[in-house]
Amino acid sequence: MLDYVISKYNFWIYIILMMIGLYAMIGKKNLIKKLIGMNIFQSAIILFYVSIGVKAGATVPILSGHGHGHEAIDAASYINPLPHVLMLTAIVVSIATTGIALATLILIYRKYNTLEEDEILKIRKETGA
Amino acid sequence: MDVLYSSRPLWAVLVSMIAAFLILATGEKNRNIRESWTIMAALAKFLIVFSMVPVILQGKVIEYTIVTFYPGLLLQFRVDAFGMLFGVIASSLWIATSFYSIGYVRGLNEHAQTRYFFAFAMCLSSTIGIAFSANLLTFLVFYEILTIATYPLVIHKESNEGIMGGRKYLAYTLTAGCVLLFAIAMIYYMTGTLDFKAGGFMTGSGSSTVLIMLFAMLIFGFGVKAGIMPMHEWLPTAMVAPTPVSALLHAVAVVKAGVFGCLRVILYVFGPGLLHDLGIWLIMAYIASFTVVVAGFLALGQDHLKRRLAFSTINNLALIVVGAALLTKSSMTGGIIHMANHAFMKITLFFCAGALHVKMHKDYVSQLDGIGRQMPLTMGAFAIAAIGLSGIPPMSGFISKWFLCLGALEANQIIFLFVFMTSAMLDVAFFFPIIYNSFFKKPLDDVAPHFDEAPMFMVIPLVITALLSIVFGIVPDAFFRFFSLTSLAVQNIMGVG
Amino acid sequence: MADQFAALIIVVPLIASIFVPVIGWWKKRLCYPWVVAVLVIPLISSLSVLNTVMTTGKFSYRLGGWAPPWGIEYMLDHLSAFVLVIVSSISLIVAIYSKKSVEDNLPEKTVPFYTLFLLLVTGLMGIVITGDVFNLFVFLEISALSCYALIAIGEEGAPMATFNYIIIGTIGACFYLLGIGYLYIATGSLNMADLANILPDLYHSKVILVAFAFFTVGLAIKAGLFPMHAWLPDAYCAAPSAVSALIAPLMTKVAAYVMIRIMFTVFQPHFSVEIVPVFVILGWLSVFAIFWGGIKALAQTDLKRMLVYIVVAEVGYIVIGVSVANRMGLTGAILHIMNDAVMMACLFLVVGAVLYKTGTRDIHQLRHLNKKMPFTMAAFTITALSMVGIPPACGFFSKWYLILGTIEAGQWVWAAALLCSSLINAVLFFRVIECAYLKPMEPAYAHNGGETTHEEIQRDEAPLTMLVPIVIMAAGVILLGIFSGKIISSVIQFAVPASF
């Protein structure tokens, strides 16, 4: 059992991070904390992807100077760069989402003067907004 | 069966649809032109429909396919004898109703006249579409269009009762539409086809329980429009509509479409053979007879004239269904010919009720004392039609009752003979007081002592339909060949079933 | 040029959206014509693509000439071409409509609005056209982000609704991303066609099972399937009129399209139906969606909120069609994607026009609307009849196929749910029609004969840029119904997987 956990430690880490993020998104009342939770959630996924590209004994996927690309590359000695590339896109998406979320939070703050969800709901119920 | 391919069925349906939009475009700007669209469409439709009669009487059918979705799933017109009968009834009576409507609507200076005529034209389009449907899917399509097209007419008055009546009408008919949709989908799934076939096509496609359940669902669905109890409740409530609406739609188009549907199901989907095997024909006949008797008794208690006529309609339609359910040659003949006869007689009665409303603003039976003195034509036509419905010769009602009784004897079910007699006695009971009161009682104060009829546009149609009832009683095949069409239809059904 | 049409569909709106701020900075009035002109190109391209697919069968377009599975490939078969045409035509029509609505609601935000509009359309079309699962994620997020921003421009309550939508929508997209991750671990490929080849050998592996689960949940969140629909009512209702007219018909339907793609193209039907009985669950969830949407809609007095709950129910229809997993049901589902998009677009356009003209969305305030805005109300009535399922409008035909599908699958409760929903729709829409056309319960208007006794009600119809799209959509409702047979036999028939 312990062996099972240790050998797949990257998955366990990402699962724990994801659950923390999910809890924050759902359980926390402060909107900024929800947003942070969302970021943690997305980071967990990014870490997961990055971790799956790892190979035992492999090095970073950067071609060293000589060779000019005419020789065949031994693929097993470089870690898989594709998940990294995919995650660059995902990071950009995450940043854009965070940006829009923060802009929305500014709007909310200007309107309700608070960032606590229960207070906002109370104000909305009272004013009918 | 020879098949003739022609687009005439499509044109019969389209003529009034085109007129409907022309009416909408003309609007209130020029009332006479708008009315002329209605009349021209009515005449054109009747001519197109009637032109197909000779072909049908030779034993052929006319087909026209609109669109094919899947094999076995298509929108198609097929004009056979039974459909032709219904088509001729509807289109001929529309001419009469158009003139009557014009008189009624102008006599009362009604509001929303354009909407009224538009909806009327659309209703007739869908009715003819129902008459000429080749399969259950086409039938359902036009049936639903009919429901929607009649809604603006039912709520025409826009009063509280009108809107409530409209809501009840929609609740009943749309629920029926949903049940029908399900049943038809089941039938398509089980048999792969939906085409009407004389003598039925469902034999052997499923277990008896499933078939009986499908039959019940189809009869429920069509029975709502046909006013079979306990689905009849919307009909008296819908009497809040203007009288021409009650006359054409609730005596002729909508309810006849429902009965037409029931008969199609009994005779062309399930067929006499299958229904005999399932044993369900007797139950169907009992339910319909129950409706006949109960509706007759309920009619006795109604003081509002149109509501009394509504219950009489329910009574007569159930008679038609009994006739079909008994599954013998004469009973089917009686039932089908009663579709035609009842249409003419009932429309006369409703026309008279409308004339009374327009001229004297009288809606209740108790107000009708002595009115015959002032309006002899109206009450005379009423008397003829009422006597005819009771089954007394020489009016056409006698012919249908005669065949129905013969049919009951042929089926060895004497009880239905008693049902028919009871129905005749009830008819006498609730119609004769009206006739007696109007002619022989001392007139009430607001009755003028001289001849002062309703507007001519209203009186002439009702006199014509009353006279036609007499003519059909003597020569059932006159003008419209109703009897030949009926016999041909029955022959087709019995020949296979 | 013609063989580059597939790329034009994406590239043109994308580049054009970058130009909108430039043009807007120069002259704000020019944004609108620019957007409309730009959106004509994807429409023409998608029609041409559909034509090509119908004549020569499916084809693929390789971006940059890179061969798959390394390069990104656009897959154009009957289903994607069909949905492309729907998306591009509705976005063009809503763009034409948006002029007056934006002027009225968002005068200072015109430039950002149009930029985001084009980006949203790019995202939606990209989702439909792409043949690469990760590319789909990218486009999914493009459309989602533009959508978040567009909704936030809206009225009262929009910021909170947007924030909730951001949180829940991101969870959905991240689940989808996780699904891709697991698939990549097991197969090493991101290309849909390639995956379809590799996956059958791996069907019994747990990794694939988890991937499928993540896909399903993520897409269900995006599609707004019960019970993951909680973000939908607030978000769609708070958005400005032109925005909700664009997203309500399209976003959930595109997510449903992705569901069909994943479940039937990437994972073969064999997997989705037999190995993982997910369709039973999805089917029952759709039944709840239909009833929940219908009942909640009944409780609303705000016309737009009522329509939004109906959207929830309509998603249920499509997913039921997918869940029965037979030819008839799937035909109904795909047909309903088209029909519902057109019907919802028309309804939301009408609501926007009514709001623009009368300033209210309350049903009970809609008196005399048939005199003031006759064409608009006529369009509403036609679409309402279609939603109830009256032929020959298109709603009847999709209902017919869906019911046939449920009968074939033996799911009687699902069929009953579909029928009950027709009746609930009837109540909903006739309530509005009664209020708009008639004057219920008002003694002052009791009929006493003659039009002259009623006060003169002026015809005050919506402006032409709003009216023409509404009328086109309403005409579409009827025409699509009449021609549904043709549409099915020429396009949808081939879009359904052949093994059904």
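Chains as they are written, first to last, in the numbering used here: chain A, -3 to 125; chain B, 507 to 1003; chain C, 30 to 529.
Even for Gly, the Cβ is constructed at its ideal location relative to N, Cα and C.
Keep in mind the model is a prediction, meaning the values are calculated, not measured.
Do Ile693/B and Leu659/B come within 8 angstroms of each other at the CB atom, strictly closer than that value?
-> no
In its own chain, which residues sit with a C-beta less than 7 angstroms from the C-beta of Gly514/C, not counting the 5 before and 5 after it?
-> none
Against chain C: residues of the segment 689 to 710 of chain B by CB proximity under 8 angstroms = Ala691, Met692, Tyr694, Tyr695
Ala181/C touches chain A at which residues, Cβ-Cβ below 9 angstroms?
-> Ile96, Ala99, Thr100, Leu103
So, Leu79/C versus Pro42/C, is the Cβ gap smaller than 8 angstroms?
-> no
For chain B, is any of its Cβ atoms less than 8 angstroms away from the one on Val442/C?
-> no
Own chain residues within Cβ distance below 7 angstroms of Pro469/C, not counting five before or after | At Pro469/C the pLDDT is 49, less than 50, meaning the model places this residue with poor confidence; the figure from the coordinates comes in the next sentence. Excluding residues within five positions, the ones whose Cβ falls inside 7 angstroms are Glu463.
How would you write the range of the beta strand (DSSP E) that Met257/C sits in, first residue to last?
-> It is not in any beta strand (DSSP E) - Met257/C carries neither H nor E in the DSSP assignment.
Output the distance between the C-alpha atoms of Met83/A and Leu254/C, rounded to the nearest integer angstrom.
-> 28 angstroms
Assuming Phe37/A and Leu18/A make a contact with CB atoms under 8 angstroms, what is their CB distance in whole Å?
-> 6 angstroms
Those residues which DSSP pairs with Phe88/C across a bridge = Leu105/C
Which term fits Phe142/C, buried or exposed, when burial requires 16 or more other beta carbons within 10 angstroms of its beta carbon?
-> buried
Secondary structure of Ile218/C, DSSP reduced to three states = Strictly speaking, residue 218/C in this sequence is Ser, with Ile absent from that position. Coil at Ser218/C, not helix or strand.
Hey, how far is the Cα of Val65/C from the Cα of Phe702/B?
-> 51 angstroms
Under three-state DSSP, which class holds Asp586/B?
-> coil
Between the C-alpha atoms of Leu207/C and His80/A, what's the straight-line distance to the nearest angstrom?
-> 14 angstroms
Grouping DSSP H, G and I as helix and E and B as strand, with all else coil, what is Phe575/B?
-> strand
In angstroms, rounded to a whole number, what distance separates the CA positions of Ser427/C and Met406/C?
-> 24 angstroms
Where Asp161/C and Ile436/C are concerned, what is the direct C-alpha to C-alpha distance, given to the nearest angstrom?
-> 35 angstroms
Segments of 4+ residues assigned as alpha helix (DSSP H) that fall wholly inside the segment 509 to 557 of chain B | 514 to 532, 537 to 557
Go to Met838/B, then tell me how far its alpha helix (DSSP H) extends in each direction, as first and last residue.
-> 835 to 866
What are the start and end residues of each continuous alpha helix (DSSP H) run of 4 or more residues lying completely inside the segment 358 to 442 of chain C, in chain order?
-> 398 to 401, 403 to 417, 423 to 438
Are the C-beta of Phe575/B and some C-beta of chain C separated by less than 8 angstroms?
-> yes
With 16 other CB atoms within 10 Å as the buried threshold, where does Ser513/B fall?
-> exposed
His80/A by DSSP, collapsed to three states: which one?
-> helix
Where do the N-terminal and C-terminal ends of the alpha helix (DSSP H) with Ala627/B fall, by residue?
-> 619 to 637
Out of curiosity, what's the CA-to-CA distance linking Thr145/A and Leu31/A?
-> The question about residue 145/A has no answer here: the residues shown for chain A are numbered -3 through 125.
List the residues that DSSP assigns as beta-bridge partners of Glu122/A.
-> Beta-bridge pairing links Glu122/A to no other residue.
Ser714/B, buried or exposed, once every other Cβ within 10 Å from all chains shown has been counted against 16 = exposed
Does Tyr177/C have its Cβ less than 8 angstroms from a Cβ in chain A?
-> yes
Please check if any C-beta of chain C sits within less than 8 angstroms of the C-beta of Cys629/B.
-> no
Residues, ordered as in the chain, of the segment 645 to 659 of chain B that lie near chain C by beta-carbon distance below 7 angstroms = Val647, Glu650, Ile651, Ile654
For a contact meaning CB atoms closer than 8 angstroms, what does Ala92/A contact in chain C?
-> Glu170, Leu174
Chain C residues whose Cβ lies nearer than 9 angstroms to that of Ile116/A = Met189
With 16 other CB atoms within 10 Å as the buried threshold, where does Tyr194/C fall?
-> buried
Tell me which same chain residues have a C-beta within less than 7 angstroms of the C-beta of Val520/C, skipping the five on either side of it?
-> Met83, His107, Phe111
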